[in-house]
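In UniProt numbering, the protein residues as written are 1 to 144.
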């Protein structure tokens with residue numbers, strides 16, 4: 001049966017049921033809280049497992065001090081071929097252009113996903129980074 005809220009009595013019945021369910025199930029006699037169902041608690045990792053995962057992610061996300069980044073260095077053999085050297089220099093120019101686009105969009109106050117309280121500027125595809133966990137920089141290799 002589908003309840004239709006077309007009368008005052010139906011509204012009273014619906015609100016009474018909602019209030020009763022939310023208040024009666026919170027009594028100590030139920031010995032369970034609706035806010036913390038047992039199913040969700042069993043899905044959470046132990047504190048040890050969570051610490052291990054966080055440590056591994058931190059190590060894998062850290063840039064080393066000698067990290068090589070995309071468009072950072074030209075291979076010595078590429079310098080000998082004018083076509084390859086020219087293509088690499090154009091690539092470096094495009095990467096620097098991308099950096100300018102990212103910075104410009106981060107400064108654009110009209111982009112709500114880039115500005116506002118608690119919003120971190122997008123820097124993931126900036127080509128270079130300092131050492132450590134920075135959330136930016138495109139390494140020339142995979143560190144995992």
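The C-beta atom is built at its ideal place from N, Cα and C for all residues, glycine as well.
Check                                                                                          : Outcome
Identified DSSP bridge partners for residue 139                                                : 69
Same chain, Cβ closer than 7 Å to residue 111, neighbours up to 5 away in sequence not counted : 105
Sheet register partners of residue 132 (DSSP bridge)                                           : 63
Residue burial classification, residue 82 (beta-carbon count within 10 angstroms, cutoff 16)   : exposed
Given 8 Å, three or more beta-carbon pairs between the region 46–53 and the region 116–124     : no
Closest residue to residue 59 among 132, 102, 138 and 140 (Cα-Cα distance)                     : 132
Where the alpha helix (DSSP H) containing residue 103 begins and where it ends                 : 82–107
C-alpha distance - residue 15 paired with residue 9, whole-angstrom precision                  : 10 Å
Nearest-angstrom Cα separation, counted from residue 108 out to residue 96                     : 19 Å
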